[in-house]
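**Q** Have a look at this one before I ask anything.
There are 2 protein chains.
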Amino acid sequence: MAPTLKKLLPVFPLSILSFCFFFFLFHSTQSIFSFSRISSHTTHHHHHPLDPLTPSELNITRSIILTSYAGSIPNLTFHYVGLDEPDKPDILSWLSNHTSTTKPLPRRVFVIARLNKQTHEIILDLSTKLIISDQIYSGHGYPILTLEEQTAASELPLTHPPFMESIKARGLNISEVVCSTYTVGWFGERKSSRVLKIQCFYTNGTANFYVRPLEGITVVVDLDEMKIKEYYDRLKVPVPTTEDTEYRLSKQKPPFGPRLNSATILQPEGPGFVIEGHSIRWANWAFHLGFDVRAGPIISLASIYDLEKQKYRRVLYRAYVSELFVPYMDPTEDWYFKTFIDAGEFGFGQSAVSLKPMEDCPAQAVFMDGYYARQDGKSVQISNVFCIFEQYAGNVMWRHTESDIPGEVITEVRQEVSLVVRSVSTVGNYDYMMDWEFKPSGSIKVSVGLTGILEVKGMSYTHADQIKEDVHGTLVAENTIGVYHDHFLSYHLDLDVDGEANSFVKTSLETRRVTDNVSPRRSYWTTTSETAKTESEARIRLGLKPADLVVSNQNKKTKVGNPIGYRLIPGSMTSPLLSDDDYPQIRGAFTKYNVWVTPYNKSEKWAGGLYADQSRGEDTLAMWSLRNREIENKDIVMWYTMGFHHAPYQEDFPIMPTLSSGFELRPANFFERNPVLKTKSPEILVNSINHNRRAGAFHGV
Amino acid sequence: MAPTLKKLLPVFPLSILSFCFFFFLFHSTQSIFSFSRISSHTTHHHHHPLDPLTPSELNITRSIILTSYAGSIPNLTFHYVGLDEPDKPDILSWLSNHTSTTKPLPRRVFVIARLNKQTHEIILDLSTKLIISDQIYSGHGYPILTLEEQTAASELPLTHPPFMESIKARGLNISEVVCSTYTVGWFGERKSSRVLKIQCFYTNGTANFYVRPLEGITVVVDLDEMKIKEYYDRLKVPVPTTEDTEYRLSKQKPPFGPRLNSATILQPEGPGFVIEGHSIRWANWAFHLGFDVRAGPIISLASIYDLEKQKYRRVLYRAYVSELFVPYMDPTEDWYFKTFIDAGEFGFGQSAVSLKPMEDCPAQAVFMDGYYARQDGKSVQISNVFCIFEQYAGNVMWRHTESDIPGEVITEVRQEVSLVVRSVSTVGNYDYMMDWEFKPSGSIKVSVGLTGILEVKGMSYTHADQIKEDVHGTLVAENTIGVYHDHFLSYHLDLDVDGEANSFVKTSLETRRVTDNVSPRRSYWTTTSETAKTESEARIRLGLKPADLVVSNQNKKTKVGNPIGYRLIPGSMTSPLLSDDDYPQIRGAFTKYNVWVTPYNKSEKWAGGLYADQSRGEDTLAMWSLRNREIENKDIVMWYTMGFHHAPYQEDFPIMPTLSSGFELRPANFFERNPVLKTKSPEILVNSINHNRRAGAFHGV
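Chains as they are written, first to last, in full-length UniProt numbering: chain S, 1 to 701; chain B, 1 to 701.
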């Protein structure tokens, strides 16, 4: 079965009257209804070797393993089930040669399972239904936590008598307590076991329980035993009030505001994109959109059509969020361990949420579902895990007004339209809104919006004047400290700039003094390009020296002889502030440089290591890179880490307005010239409705 | 007369059929038509003391000066005519006390005129029609160049026999030559006169003459004499081809593409803003939008309504682009002087263009005109100089999905709507798209989009392999070098954070080592806040050390005791690369730091000096700041300089896809909590049209 199986029929509750509007305005019903030819695929044929595992493939995987481990199934838990994608040469060969009769590439699955306190790495083949390999992982660190074990662990305190006593001693009602699970990190311990810490909260009517932490209680749960292993209650601080912390509209009281007027985007021609399975074509772009339980969205094989060369040219082989690192900056007992490696610990795909139509995405969006295997191996659907939409933000692709030609004023403007792929991963309290935006000009803009709820610490302070110590955060409300923290997102960017053999070129901008008397100038800047030969030459901490960073194909040149390339325009230049020798930083060492380049290696996917939970930094990008491999004219991967230092403000409480950042991959002598020179603005079909508005005294509603 | 005088009647070419759509879908004609109550004001009453000069005020100004200088008028030229705004205390007092019967504040005009090779600074009163002062400026530098004198100068070569000879010698046709004017900068000369350099181009059928420079010809024009003062022709290089350089749609040949599907935004309730004269109210924002021939748009008195305090609270007194610095990096004879100070030399308002409805701004935009005085003092209209629109980009104001409460999943999302004020200034070849975006969350996002045409140099090279010297740019096409350059935009940001007495607080993020054994951690970061006492303590070069930069009102605190503030989230951290002692950098010294803070001084408006043309750096922000005045708990102004180093790529040719950057002013403990906690998403009125789209095989058009 195809991944998005829902047998949805086109639903058109358009009233006959709105229909009349469309019918006569556009003279054709074709153009209205053609945008919604939604059909279901029931064939087993895989459109694409990078398609994520379908529900049936997930369930077959479970059956194969269940058969193999017949006696042990009750104890076997699935922690990662994902496509073990074919090797890159096979994919590329398939891509260039496949026809409707080409034999599909083998479908293999990579599984990480736990059984009898051991981590198994299993590879199996879906067509032969055979297990190809099954190895026990004996290194440090543990796989992604399942939602089920997190739920089970978080419920343990509620029936744990010492905890119940603690709640009673605080004068609170146990039925109003909600607990959440926290990975414990690694702090130099020689031995480790698979444990979690639990933090509990007092809801008492609010959905925003995060703002009501019960401080001073330590609960350590052994996950393999699913038992509380340690418990102590050290101190009592007041539980912050719920006043003005509720964010649910249904629970809020007037006054509401400010009021925002409504709008709807109509696309009389329908959307301009075509989605077949997981392959998306739009304007001059074609790419594949996959879902992985760890990474969330994966963009593959993004190519852009070159109007001059009359062919698609590849830009990206694969791109996704490889890892996140979210260390909190409170070294005290209850908080020191909060140094999360979100993708590897919680699964950035497993944490993806169902997008709310008309709210998370605009009205013109189309949605796609995602599937992953739950703890027992059965498939789970995340409906609407992605939305895809054309963004009409009112921006301009390019323009010029020419008034220097006598007798005429020329104004040429082209409107910007871009295609956005959006997902949201909510890791506990925080919501990460991830956008991949494709522009006809060849730019790919990647952005992340941080929203959701702060992690706060309960303290006795009710006013800043009382604070004489370092409380490691901001007093954002009475008894409520918004704790300092960072967010680092590391992107795996396997650019294949018109082919696999690429180089990383750093073009530095350097001041030159004018030393002779040939110019009235005393200085200027010019550029010096260096091609990184090995990994060490491609580690960049941004902001120190101005430079253009380009992934270049030195084997191909433009007509005038410039090597073709794509450049990284970084947004954030944030670097970590933890010491290199601090345990969390050892684990999150991939954040040390904003940019790294490695030779492509199928196994190097996760910048924080395959087993991030309680990892010891032995399998991070920083370690791989120590081999200092050659990267010139090779298939290379660029890793860019975008960071946020977050010292909270009261406005971030009780729910945080989106804070955005991003970066851009922009063609750099990839095209012979501006690739949208001959792009027309979208036709103006409904120009009479809002037109001719001028301000004089202009009264809206 | 009011500034936007056009007697426009509401124009509704809605067909009866589209009307039927609206009528029945929204059950009311009210909500449809109410958005367009456009009325003309014919009263002389000034709504606001910061309103820009009206056409009649400009013409009255001219008459007063004409009367005063009766005999000299043929030689008198107007270079700046703008509102001499009342002193800040008077404005603030008027603001808090005015009623419909309040006597308006005096309307004064500041004029810079040239007469008999002298620069006059004239202040006059419009109500008394008297000249208050008239002083001759005897310092260095010259005022803004008028369009008329630029046009006159640029036409001189065409009838200058040696130039005609040069064209003939090149085998070119003089009727196809277009010339443009370039300010000459200052390079240590002791004496100066008011001169311009002229660069000519060969159009030969293309509108994009900038890409066909005639190199090697130097033409210096004395503007006071309006005569060619120097002429020489040194070398001949091929004129680049016109092939594929045309950007006018009407002149292009197929194939076109990529194709973009159309969309229209409908606002069934109409826009949510109200414009009265130059005052704009939208959602929780209120501000004044003025036009100045030098600055372009000026945002004044921006205040935000605080739902909790039930009052408007001021954020900004005035904000505008104070200056631009665009130095090119070619030190050779034909190019070394290209070190433009765009606002002061060419007028960023004078360079503003008429925005193209439906193209430069989305369909829902409302337009406003601007007026300035031309060289002879008569008023000129720039129609549609601003557009104002609600931006529905499909973003999210805040969201959270809560799945940790047993038995329920809560998803709350609020859509982002913002208000954008847009203008475009085209200074010769380059187009600067300036957006001021107001968000209900209190953020003001300021962005600039660079587009238009590169300044290119003609050279004999046709392939990069031929180049063995530093050509100071990129070979973007045959015979065409896209010359390296910078763009620096300095914003004057007079924040009045809930009152005038503000301080500048730098909160540094600093690593702390854990020295005792109290924590398993070895490090964390915390914050140290320093309040700048004098100007020298507030000069910031970004990127060196992580810090939050806050303009704070230390006299007002939130309930929990945090001083209220607004913080600067910088986008670009670009710093100049020219030597401090280089002449262009002396003139553009305001770019040396990304952030400066000065005490408010009505006369300190232009970061590059009042007389930027041939300035010598004596009147820049860098010089004012040397006084090292006290800035703690004073009325202060923050200056932020955003920069771009631009090493061109072939994609920037022959017209450049927009490259954007920006910064954000974001409330920082200004509110007690998230100010949009109780904001509802706009109502969904047309949810049936695009709804229920799901990807399976999804075919667009």
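Here a beta-carbon is modelled for each residue, glycine too, at the ideal position from N, C-alpha and C.
Which residues in chain S sit within 7 Å of GLN415 of chain B, going by Cβ to Cβ distance?
**A** Residue 415 of chain B sits at position 415 when you count from the first residue of the second sequence. The answer, in chain order, is GLU359.
**Q** From ASN284 of chain B to PRO240 of chain S, what does the alpha carbon distance come to, in whole angstroms?
**A** By one-based count along the second sequence, residue 284 of chain B stands at place 284. By one-based count along the first sequence, residue 240 of chain S stands at place 240. Taking the straight line from one Cα to the other gives about 29 Å.
**Q** I think GLY141 of chain S touches GLY609 of chain S, with their Cβ atoms under 8 Å apart; what is that distance to the nearest whole Å?
**A** To locate residue 141 of chain S, count along the first sequence from 1; it is residue 141. To locate residue 609 of chain S, count along the first sequence from 1; it is residue 609. Confirmed, Cβ separation roughly 6 Å.
**Q** Roughly how many angstroms separate the alpha carbons of THR99 of chain S and LEU355 of chain B, rounded to a whole number?
**A** The residue given as residue 99 of chain S occupies position 99 in the first sequence. The residue given as residue 355 of chain B occupies position 355 in the second sequence. THR99 of chain S and LEU355 of chain B: Cα-Cα distance of roughly 49 Å.
**Q** Out of S:TYR566, S:GLY349, S:LEU266, S:LYS592, which has the shortest C-alpha to C-alpha gap to ILE382 of chain S?
**A** Here residue 382 of chain S refers to the residue found at position 382 when the first sequence is read from its first residue. The candidate whose alpha carbon is nearest that of ILE382 of chain S is S:GLY349.
**Q** Is DSSP giving MET397 of chain B helix, strand or coil here?
**A** Residue numbering aside, residue 397 of chain B sits at position 397 when the second sequence is read from its first letter. Strand, per DSSP.
**Q** Taking the C-alpha atoms as reference points, what is the distance between ILE280 of chain S and MET656 of chain B?
**A** Indexing the first sequence from 1 puts residue 280 of chain S at position 280. Indexing the second sequence from 1 puts residue 656 of chain B at position 656. C-alpha separation (whole angstroms): 27 Å.
**Q** CA-CA distance, ALA169 of chain S and GLN199 of chain S?
**A** Here residue 169 of chain S corresponds to residue number 169 of the first sequence, with the count starting at 1. Here residue 199 of chain S corresponds to residue number 199 of the first sequence, with the count starting at 1. Between ALA169 of chain S and GLN199 of chain S, the C-alpha separation is close to 17 Å.
**Q** At 8 Å on the CB atoms, spell out the chain S contacts of GLN375 of chain B, in chain order.
**A** Working through the second sequence from its first residue, we reach residue 375 of chain B at position 375. Those do not exist, as GLN375 of chain B stays about 15 Å from chain S at its closest Cβ, beyond 8 Å.
**Q** Please state whether the Cβ-Cβ distance between LEU475 of chain B and VAL560 of chain S is less than 8 Å.
**A** Along the second sequence, one-based indexing puts residue 475 of chain B at 475. Along the first sequence, one-based indexing puts residue 560 of chain S at 560. It is a contact, given that the beta carbons lie within the stated cut-off.
**Q** Entirely within the segment 649-680 of chain S and at least 3 residues each: give me those beta strand (DSSP E) ranges in chain order.
**A** Fully enclosed beta strand (DSSP E) runs of 3 or longer: 656-668.
**Q** Quick one: grab the DSSP three-state call for ASP435 of chain B.
**A** Locating residue 435 of chain B in the second sequence gives position 435, where the first residue counts as 1. Of the three classes helix, strand and coil, the one that applies to ASP435 of chain B here is strand, per DSSP.
**Q** Can you name, in chain order, every residue of its own chain whose Cβ lies under 6 Å from the Cβ of LYS338 of chain S, other than the five neighbours on each side?
**A** In the first sequence, residue 338 of chain S corresponds to position 338, counting from 1. Excluding residues within five positions, the ones whose Cβ falls inside 6 Å are TYR328.
**Q** Could you have a look at LEU249 of chain B and say whether DSSP puts it in helix, strand or coil?
**A** Taking the second sequence and counting its residues from 1, one reaches residue 249 of chain B at position 249. If DSSP states are grouped into helix, strand and coil, LEU249 of chain B belongs with the helices.
**Q** Do you know how far the Cα of PHE663 of chain B is from the Cα of ILE569 of chain B?
**A** For this step, residue 569 of chain B is matched to residue 569 along the second sequence. For this step, residue 663 of chain B is matched to residue 663 along the second sequence. Those two C-alpha atoms are separated by around 6 Å.
**Q** Taking the beta carbon of PHE256 of chain S as the centre, do at least 16 other beta carbons fall within 10 Å, making it buried, or is it exposed?
**A** Mapped onto the first sequence, residue 256 of chain S falls at position 256. When all chains shown are included, PHE256 of chain S counts as exposed.
**Q** Considering only the beta carbon of each residue, do PRO396 of chain B and ASP360 of chain S sit closer than 8 Å?
**A** As a first step, residue 396 of chain B is located in the second sequence; it is residue number 396 there, counting from the start. As a first step, residue 360 of chain S is located in the first sequence; it is residue number 360 there, counting from the start. In the sequence under discussion, the amino acid at residue 396 of chain B is Val, which differs from the Pro named in the question. Taking 8 Å as the Cβ cut-off, VAL396 of chain B and ASP360 of chain S qualify as a contacting pair.
**Q** What three-state label does DSSP hand ASN384 of chain B in the structure shown?
**A** Position 384 of the second sequence, counted from the start, is the residue given in the question as residue 384 of chain B. Three-state result, ASN384 of chain B: strand.
**Q** Pull up the distance between the alpha-carbon of ARG294 of chain S and that of LEU626 of chain B, whole angstroms please.
**A** Within the first sequence, the letter at position 294 stands for residue 294 of chain S. Within the second sequence, the letter at position 626 stands for residue 626 of chain B. Rounded to the nearest angstrom, the two C-alpha atoms are 55 Å apart.
**Q** Looking at C-beta atoms only, is the number of pairs between the segment 510-520 of chain B and the segment 477-488 of chain B that lie closer than 8 Å three or more?
**A** Taking 8 Å as the limit for Cβ pairs, the verdict is that the segment 477-488 of chain B does not touch the segment 510-520 of chain B.
**Q** Alpha carbon to alpha carbon, what distance is there between CYS387 of chain S and GLU422 of chain S?
**A** As a first step, residue 422 of chain S is located in the first sequence; it is residue number 422 there, counting from the start. As a first step, residue 387 of chain S is located in the first sequence; it is residue number 387 there, counting from the start. Per the sequence shown, the amino acid found at residue 422 of chain S is Arg instead of Glu. Answer to the nearest angstrom: the Cα atoms are 5 Å apart.
**Q** So for SER425 of chain S, helix, strand or coil by DSSP?
**A** One-based indexing of the first sequence puts residue 425 of chain S at position 425. Strand, per DSSP.
**Q** Quick check on this structure: which residue in B:HIS472, B:SER443, B:VAL446, B:GLU535 has the alpha carbon closest to the alpha carbon of LYS457 of chain B?
**A** Position 457 of the second sequence holds residue 457 of chain B. Closest option to LYS457 of chain B, Cα to Cα, is B:HIS472.
**Q** Report buried or exposed for ASP404 of chain B, applying the criterion of at least 16 other Cβ atoms within 10 angstroms of its Cβ.
**A** As a position in the second sequence, residue 404 of chain B is number 404, starting the count at 1. So ASP404 of chain B ends up on the buried side.
**Q** At the 8 Å Cβ level, is TRP596 of chain S part of the contact set with chain B, yes or no?
**A** In the first sequence, residue 596 of chain S corresponds to position 596, counting from 1. No, no contact with chain B.
**Q** May I ask you to report which of helix, strand or coil DSSP gives ARG212 of chain B?
**A** Taking the second sequence and counting its residues from 1, the one referred to as residue 212 of chain B is at position 212. Correct three-state label for ARG212 of chain B: coil.
**Q** What does the alpha-carbon distance come out to for the pair TYR231 of chain B and ARG62 of chain B?
**A** Position 231 of the second sequence, counting from 1, holds the residue named residue 231 of chain B. Position 62 of the second sequence, counting from 1, holds the residue named residue 62 of chain B. Taking the straight line from one Cα to the other gives about 36 Å.
**Q** Under 8 Å between beta-carbons, which chain B residues line up against HIS48 of chain S? List them in chain order, please.
**A** Position 48 of the first sequence holds residue 48 of chain S. None at all; the shortest Cβ gap to chain B is about 13 Å.
**Q** Who are the neighbours of ARG513 of chain S on chain B, taking C-beta pairs under 8 Å?
**A** Numbered from 1 along the first sequence, position 513 holds the residue referred to as residue 513 of chain S. Within 8 Å Cβ-Cβ: SER579.
**Q** Between which two residues does the alpha helix (DSSP H) holding THR61 of chain B run?
**A** Within the second sequence, residue 61 of chain B is the residue found at index 61, counting from 1. Taken as a continuous stretch (DSSP letters only), the alpha helix (DSSP H) holding THR61 of chain B covers 55-68.
**Q** Going by CA-CA distance only, name the one from B:ALA612, B:SER490, B:SER418 that's closest to SER575 of chain B.
**A** Along the second sequence, read from residue 1 onward, the residue named residue 575 of chain B stands at position 575. Closest by alpha carbon: B:SER490.
**Q** Since PHE273 of chain S and LEU419 of chain S are thought to touch, with beta carbons under 8 Å apart, how far apart are those beta carbons, to the nearest angstrom?
**A** For the purposes of this step, residue 273 of chain S is identified with residue 273 of the first sequence, where counting begins at 1. For the purposes of this step, residue 419 of chain S is identified with residue 419 of the first sequence, where counting begins at 1. Indeed, because the Cβ distance is near 6 Å, the residues count as touching under 8 Å.
**Q** Using the C-alpha atoms, what's the distance from ASP465 of chain B back to VAL237 of chain B?
**A** By 1-based counting over the second sequence, the position of residue 237 of chain B is 237. By 1-based counting over the second sequence, the position of residue 465 of chain B is 465. For VAL237 of chain B and ASP465 of chain B, the distance between alpha carbons rounds to 18 Å.
**Q** What residues from chain S crowd round TYR320 of chain B, counting only those whose CB sits closer than 9 Å?
**A** Here the question's residue 320 of chain B lines up with position 320 in the second sequence. Those do not exist, as TYR320 of chain B stays about 19 Å from chain S at its closest Cβ, beyond 9 Å.
**Q** Can you pull the chain S residues whose beta carbon is under 7 Å from the beta carbon of GLU412 of chain B, in chain order?
**A** Start at 1 with the first residue of the second sequence, and residue 412 of chain B comes out as number 412. Near GLU412 of chain B (Cβ distances below 7 Å), the residues of chain S are TYR247, ARG248, LEU249.
**Q** So which of B:ARG212, B:GLN150, B:SER262 has the shortest CA-CA distance to MET226 of chain B?
**A** Reading the second sequence from its first residue, position 226 is the one you call residue 226 of chain B. That would be B:GLN150, whose Cα lies nearest to the Cα of MET226 of chain B.
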